[in-house]
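**Student:** Protein chains in written order, with this note's numbering: chain H, 1 to 394; chain V, 395 to 788. Where is the CB? At the ideal position from N, CA and C, for every residue including glycine. In this text, all values refer to a predicted model and were calculated from it rather than measured experimentally.
1) Would you list, in sequence order, the uninterrupted beta strand (DSSP E) runs of no fewer than 3 residues that lie entirely inside the segment 458-516 of chain V?
2) Since residue 31 of chain H meets chain V, which of its residues come closer than 9 Å, beta carbon to beta carbon?
3) State whether the segment 582-600 of chain V contacts the segment 410-427 of chain V, with contact taken as three or more CB pairs (one from each stretch) at a distance under 8 Å.
4) Are the beta-carbon atoms of residue 425 of chain V and residue 63 of chain H separated by less than 7 Å?
5) Could you run through the segment 643-666 of chain V and flag, in chain order, every residue whose CB is less than 8 Å away from some CB of chain H?
6) Note down, in chain order, every chain V residue with its Cβ under 7 Å from the Cβ of residue 67 of chain H.
7) When burial is assigned at 16 or more other CB atoms within 10 Å of the CB, is residue 695 of chain V buried or exposed?
8) Leaving aside the five residues before and after residue 56 of chain H along the sequence, list all residues of the same chain whose C-beta is less than 7 Å from its C-beta, in chain order.
9) So who's on the other strand from residue 588 of chain V, going by DSSP bridges?
10) Compute the distance between the beta-carbons of residue 511 of chain V and residue 478 of chain V, then report whether it is under 7 Å.
11) Starting from the C-beta of residue 789 of chain V, find all residues in its chain whose C-beta is less than 6 Å away, skip the five residues before and the five after it, and write them out in chain order.
12) Start and end of the alpha helix (DSSP H) containing residue 703 of chain V?
13) List the residues of chain V that residue 88 of chain H touches, going by C-beta distances under 7 Å, in chain order.
14) By alpha-carbon positions, which one of V:649, V:640 and V:609 ends up nearest to residue 603 of chain V?
15) Find out if the Cβ-Cβ distance for the pair residue 99 of chain H, residue 194 of chain H is shorter than 7 Å.
16) Taking the beta strand (DSSP E) that residue 669 of chain V belongs to, which residues open and close that run?
17) Quick one: is residue 191 of chain H buried, meaning 16 or more other Cβ sit within 10 Å of its Cβ, or exposed?
18) Distance check for residue 525 of chain V and residue 120 of chain H, CA to CA, integer angstroms please.
19) Please report how far the alpha carbon of residue 243 of chain H lies from the alpha carbon of residue 259 of chain H, in whole angstroms.
20) Pairing CB atoms from the segment 165-175 of chain H with CB atoms from the segment 610-618 of chain V, are three or more of them under 8 Å?
21) Step through the CB atoms of chain H and report whether any lies within less than 7 Å of the CB of residue 772 of chain V.
22) Assign residue 52 of chain H to one of two classes, buried (16 or more other C-beta atoms within 10 Å of its C-beta) or exposed (fewer than that).
23) Could you tell me whether the Cβ of residue 306 of chain H comes closer than 7 Å to any Cβ of chain V?
24) If you draw a straight line from the alpha carbon of residue 697 of chain V to that of residue 427 of chain V, how long is it in whole angstroms?
25) Let me confirm a value: residue 319 of chain H is counted as buried when at least 16 other C-beta atoms fall within 10 Å, else exposed. Which label applies?
26) Which residues, taken in chain order from the segment 603-626 of chain V, show a beta carbon closer than 7 Å to some beta carbon of chain H?
27) Please list, in chain order, all residues of the same chain as residue 389 of chain H whose beta carbon is under 7 Å from its beta carbon, the five residues on each side excluded.
28) Step through the CB atoms of chain H and report whether any lies within less than 7 Å of the CB of residue 432 of chain V.
29) In chain V, what lies closer than 7 Å to residue 144 of chain H by C-beta?
30) Specify, as a first and last residue, the run of the alpha helix (DSSP H) that residue 552 of chain V falls within.
31) Report the rounded CA-to-CA distance for residue 543 of chain V versus residue 727 of chain V, giving the unit in angstroms.
32) For residue 246 of chain H, name the three-state secondary structure that DSSP assigns.
33) To which residues of the same chain is residue 763 of chain V closer than 7 Å at the C-beta, ignoring the five residues directly before and after it?
34) Please state whether DSSP places residue 615 of chain V in a helix, a strand or coil.
35) Using a Cβ-Cβ cutoff of less than 7 Å, which residues in the same chain neighbour residue 277 of chain H once the five nearest sequence positions on both sides are dropped?
36) Under 9 Å between beta-carbons, which chain H residues line up against residue 494 of chain V? List them in chain order, please.
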């Protein structure tokens, strides 16, 4: 094997996004033991800073030692026992994945569906939950930011629905929103949330930040059976991250260095500024896309700032465009999944990747490639529209 | 939060061991997408090189995207279904952990125990398996290198026992042996093995290399129920790593860069040379320890080269010695666990950490600290004995 030198890329796909160079540098620090007093301080710093990021007071706020998908699994294996009813809002790949995991936990699944590319009607959720007459759903699970479709599901409306079902826990996937959109765990009284490091946190994939409310911890403590996963069993993991420091597994040291530095960068920028940056770059991108004569998949009020889904125009070859972007411009974007395969592009503007230069480079590259393909657009129109959007905000 | 600068440490505990600087540098490479053609080549390189390391032709030889403990969980959740009988050889923490996971999978546990610090009598294993008259055990699980005690359980004797039980799969934990001791998966007809990156591979914690035989894959394919873990479900994970490249989770990009470089270093050194290095440093350490008048916990033929367990002499304060080693010399070693807490030190000589300078530094530091504590040893005796061992081998 020869030495590997990663090619230069601009990561504008559904994740991973580009890591901040400071995060990469921190990750390369020499190792120390996972029970070293200095590493225990790193663990404490991460927990405090994650609470600020999640906007929560939840004591149990830690990174799970695996990627975002393991965070999803941790949520369900800890809270669901065989026979429990779990309502899952499904409008894309990640809602479907939640449903799959619920059944693997022996849960009774209540599917609440919306079309891919759309959010949910709160009344439809209320009606679905009301069908359960005797025992209410133990959990309502919702994907805040559907990475497969670019849809944001506002949490305030979901919270309002759940106020009619006080026994039901609110479980939220914020993999693609945390650090890019307001998540506000305590304000929305979210009982369990999980995210990933590789989206809006400017950090490589490998950890999954989670947070659990007291109500969720009470459910965990009151379980009849052991959690089916040893690795993700929060009754043990919380003691490893807590004052007890009880050995469980060996934390991925370098990834925790990386996360700590990513959190430090977020504190430096400030949450409001960071959300503003994600919103602004999203708006400029949309202005450029529309100036090209293309259409967004999602209606304006439900669009994610972090993940933009663009309808592929008729007659344009999806794979060829994405391959040209990668090979000629070093820009990665994502294709559609499931029913949206070949129908949309997924353009991530997350964390370090969410910046003006990337928006302009991408719009220019897309315009160039589409025009080679015979697609008609006025030269420079996309960049002009994006620049106008930036100027309007300035 | 201030910038974090890891203190200088020499990691001679039970793991993580020191990562090779080339591995740390590789890990800091800029990110590329997990479906990027260049990353698919990284994945292929890793699989080929892991096969050389495990000494196997097994197609399904990949790193699980989490630490070694998740590799253990992957082994059992994929192979065990409710009601299956699983025999677990238990002589330390990691055998106990296997037993815990088996019960979480609904398996019927057959415990085969040996005292902590000892290996197994093959006849005792044979007798235990023979108790199952009608249906043989589906799996016999054994820890090749017990990190909690420093005991090596030779695989050839276990294989010989299992030749009397052809239906039983052999499952091996080689977390602390892979890359430091011969493991030889195909020679011993091991059906499933898992390891970790943070021991003898000179790589940070975060991935768990696994390998599965055709017989194990047949069991996987013949399951009646879905694997209870979505994240570790090898029926899906194998398609992500295989020719299909079907999206499952997002691989931890940077950790895979690190593992690739660690495997490249192993190929450069050569497996035989690497085992020889681990053996030689172990022998020199033992010579020094014994010259100090201390005793090893494990009898010579079952000693791990990668993890040395030393009995703490009467009257010596365990915590004080380990704290002095860390604070005065920057050397981390481990304490005992469970019944061995306060009774042994665990001195790892793994991967990059396994070298002559570390052996000499540690022996000198231990001698200095013990003499401050009133423990009598002839000044320089330990280092002299270690140097003599090195000279004898040269």
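**Tutor:** Once the coordinates are examined:
1) 479-484 and 502-507
2) 400, 403, 405, 410, 411, 412, 413, 418, 592, 598 and 599
3) yes
4) no
5) 643, 644, 645, 646, 647, 648, 649, 651, 652, 654, 655, 657, 658 and 661
6) 459, 643, 644 and 646
7) Exposed, by the Cβ-count rule.
8) 185, 186 and 211
9) V:567 and V:604
10) Cβ atoms of residue 511 of chain V and residue 478 of chain V: not closer than 7 Å.
11) No answer is possible for residue 789 of chain V: it lies beyond the span of chain V, which begins at 395 and ends at 788.
12) Element bounds for residue 703 of chain V: not the alpha helix (DSSP H) but the beta strand (DSSP E), 701-705.
13) Within chain V, no residue comes near residue 88 of chain H; the closest Cβ sits about 13 Å away, beyond 7 Å.
14) Nearest C-alpha to residue 603 of chain V: V:649.
15) Cβ distance not < 7 Å, so residue 99 of chain H and residue 194 of chain H don't count as in contact.
16) Segment 665-685 is the alpha helix (DSSP H) holding residue 669 of chain V; no beta strand (DSSP E) there.
17) buried
18) 58 Å
19) 21 Å
20) no
21) no
22) By the Cβ-count criterion, residue 52 of chain H is exposed, with fewer than 16 other Cβ atoms from all chains shown falling within 10 Å of its own Cβ.
23) no
24) 43 Å
25) exposed
26) Taking 7 Å as the upper bound on Cβ-Cβ separation, chain H lies near residues 620, 622, 623, 624 and 625 of the segment 603-626 of chain V.
27) 283, 284 and 287
28) Closer than 7 Å: yes.
29) Residues of chain V passing the Cβ test: none, with the nearest at roughly 18 Å.
30) 549-556
31) 14 Å
32) coil
33) 715, 718 and 719
34) helix
35) 354
36) 226 and 230
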